[in-house]
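A.B. asks:
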Amino acid sequence: MPVSPRITLEEIARAAKVSVATASRAINKTGRVSADAERRVRSATMRLGAERQRAGRTRILCFLLANRPMLHPFHAQVLMGAQAYAAEHGNHILFFPFDYGPDVPAEEIRLPLLLDRRGLVDGYVVGGLSSPNLLALLRRMGLPFAVLANNVLGEWRSEEFDTVWMDDVGGAYELTRYLYGAGHRAIWFLSNRRFPTARMYQGYARAMEEAGLEPKLIVSDSADERDSGYIAAKGLLSGRERVTAIFAHSDSAAHGAYDAAGGCGLKIPEDISIAGFGDRPEAAALSPPLITVWGYPDQTGRRLAELVLKRIADPGGPPMTVTLPTKLIRRDSCGRAKEEAPPALTGDLTASA
Numbered sequence: 458m459p460v461s462p463r464i465t466l467e468e469i470a471r472a473a474k475v476s477v478a479t480a481s482r483a484i485n486k487t488g489r490v491s492a493d494a495e496r497r498v499r500s501a502t503m504r505l506g507a508e509r510q511r512a513g514r515t516r517i518l519c520f521l522l523a524n525r526p527m528l529h530p531f532h533a534q535v536l537m538g539a540q541a542y543a544a545e546h547g548n549h550i551l552f553f554p555f556d557y558g559p560d561v562p563a564e565e566i567r568l569p570l571l572l573d574r575r576g577l578v579d580g581y582v583v584g585g586l587s588s589p590n591l592l593a594l595l596r597r598m599g600l601p602f603a604v605l606a607n608n609v610l611g612e613w614r615s616e617e618f619d620t621v622w623m624d625d626v627g628g629a630y631e632l633t634r635y636l637y638g639a640g641h642r643a644i645w646f647l648s649n650r651r652f653p654t655a656r657m658y659q660g661y662a663r664a665m666e667e668a669g670l671e672p673k674l675i676v677s678d679s680a681d682e683r684d685s686g687y688i689a690a691k692g693l694l695s696g697r698e699r700v701t702a703i704f705a706h707s708d709s710a711a712h713g714a715y716d717a718a719g720g721c722g723l724k725i726p727e728d729i730s731i732a733g734f735g736d737r738p739e740a741a742a743l744s745p746p747l748i749t750v751w752g753y754p755d756q757t758g759r760r761l762a763e764l765v766l767k768r769i770a771d772p773g774g775p776p777m778t779v780t781l782p783t784k785l786i787r788r789d790s791c792g793r794a795k796e797e798a799p800p801a802l803t804g805d806l807t808a809s810a
């Protein structure tokens, strides 16, 4: 658990009611320390840090971009929002891209070496594609952090952490209802095992079931979103299933579905409607422009930074949760459904896009 250079080991030991040697072992993770002593040292460190915050010391927050490319359009906007909020309150943001495996034990995750410097970072904004093992590591380090909860893969107790959620359940529900209102009944949800899509599917499925329709799911498994969308949509459109609309879990996956539809001789939206999620820059540039859902990434970043600074000021408070709305972006890739879906396609569909 990094400690500010303005806090001495003696101060921490005194506040935690442990020896200086015990405080040193707990902070540097050397030697054996009881769970109770580690908890008291961590609490004392955060409490003393909160006192510095009240005194007006400039804070340095680290934006940790996990398992996503540096120029990812959504997370770049989250970063800009966090940086803007931090600057408005006299603080700074460090940016670190960081890749790790979801199955690596927390104690074996190695953060960038610079972040191990004592006192450099006061808290973390966790963006990107995260897993519970990273959250366990950050909690063990004893520093405040807030996480973009939609992008955590795997089982975790979100109520125990400071989180910002994008209402992807509500956004997916609204988009599915819009497709239904355009006459679509054979609406398929295109998912991907490598991305957190369960909440979107939940909103989609609720809208389908309320309309008396059976949810229809097709799942891909590829780290390349556009490629996964192409493969899944090509398989769907080349089969005998009735399809009037495809709702892809991301705009890039929807882009792949565009490729598949074009390769199959289908026109959008005359023959099939395609929808995405995220409103990335490519969505408006597609032909026709893609109907999608906007998630306010800049506001997400601002609220994440806000939660970290609040946690620094009040380390003992209950976990905080913020849920931000989404907005349906209506564009031309959704048209009125034909009475009959496109017929099963024939011919050579094995050529790549």
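Heads up: take any position in the sequence shown, counting from 1, add 457, and you land on my numbering. All residues carry an ideal CB built from backbone N, CA and C; glycine is no exception. In this text the structure is predicted, and so the values were computed from the model without any measurement.
Could you give the residue range of the alpha helix (DSSP H) that holds Leu636?
C.D. replies: Per DSSP, Leu636 belongs to the alpha helix (DSSP H) from Asp625 to Gly638.
A.B. asks: Could you check what DSSP says for Tyr581 in three-state terms: helix, strand or coil?
C.D. replies: Three-state DSSP puts Tyr581 in a strand.
A.B. asks: Does the Cβ-Cβ distance between Arg759 and His712 come in under 7 Å?
C.D. replies: Not a contact, by the Cβ cut-off of 7 Å.
A.B. asks: Glu666 to Leu605, Cα distance in whole Å?
C.D. replies: Using only the alpha carbons, I get a separation of about 29 Å.
A.B. asks: Use the C-beta contact count for His532: other C-beta atoms within 10 angstroms, 16 or more gives buried, fewer gives exposed.
C.D. replies: With 16 or more Cβ atoms within 10 Å of its Cβ, His532 is classed as buried.
A.B. asks: Taking the CB atoms as reference points, tell me whether Ile469 and Ala478 lie closer together than 7 Å.
C.D. replies: Their beta carbons are not under 7 Å apart, which means Ile469 does not touch Ala478 by this criterion.
A.B. asks: Beta-carbon within less than 6 Å of Arg497's beta-carbon, same chain only, minus the 5 sequence neighbours each way: which residues are those?
C.D. replies: Within the same chain, Arg497 has close Cβ partners Ala473.
A.B. asks: From which residue to which residue does the beta strand (DSSP E) around Asn649 run?
C.D. replies: Asn649 -> beta strand (DSSP E) spans Ile644 to Asn649.
A.B. asks: What residue range does the beta strand (DSSP E) around Pro754 cover?
C.D. replies: No beta strand (DSSP E) contains Pro754, which is instead part of the alpha helix (DSSP H) from Pro754 to Ala770.
A.B. asks: Put Leu586 into one of helix, strand or coil per three-state DSSP.
C.D. replies: Leu586: coil per DSSP, three-state reduction.
A.B. asks: State the DSSP-derived secondary structure class of Pro776, mapped to helix, strand or coil.
C.D. replies: Of the three classes helix, strand and coil, the one that applies to Pro776 here is coil, per DSSP.
A.B. asks: Identify every residue that forms a DSSP beta bridge with Lys784.
C.D. replies: Its beta-bridge partners are Trp751.
A.B. asks: Run the CB neighbour count on Asp556, radius 10 Å, all protein chains shown included, and call it buried at 16 or more, exposed below.
C.D. replies: So Asp556 counts as exposed.
A.B. asks: Might you give, ordered along the chain, the residues of its own chain that have their beta carbon closer than 8 Å to the beta carbon of Met537, omitting 5 neighbours on each side?
C.D. replies: The answer, listed in chain order, is Asp755 and Gly758.
A.B. asks: Check Pro738 in the structure and name its three-state DSSP category.
C.D. replies: Helix.
A.B. asks: Quick one: what does DSSP say Ile550 is sitting in, helix, strand or coil?
C.D. replies: Correct three-state label for Ile550: strand.
A.B. asks: Taking the alpha-carbon positions, what's the Arg634 to Ala664 distance?
C.D. replies: Each residue's alpha carbon lies about 6 Å from the other.
A.B. asks: Compare the Cα-Cα distances from Leu586 to each of Arg516, Ser500, Arg651 and Ala710 and report the closest residue.
C.D. replies: Looking at the Cα atoms, Arg651 is the closest of the given residues.
A.B. asks: If you follow the alpha helix (DSSP H) that Lys691 is part of, which residue opens it and which one closes it?
C.D. replies: Glu682 to Leu694 is the span of the alpha helix (DSSP H), which, as asked, contains Lys691.
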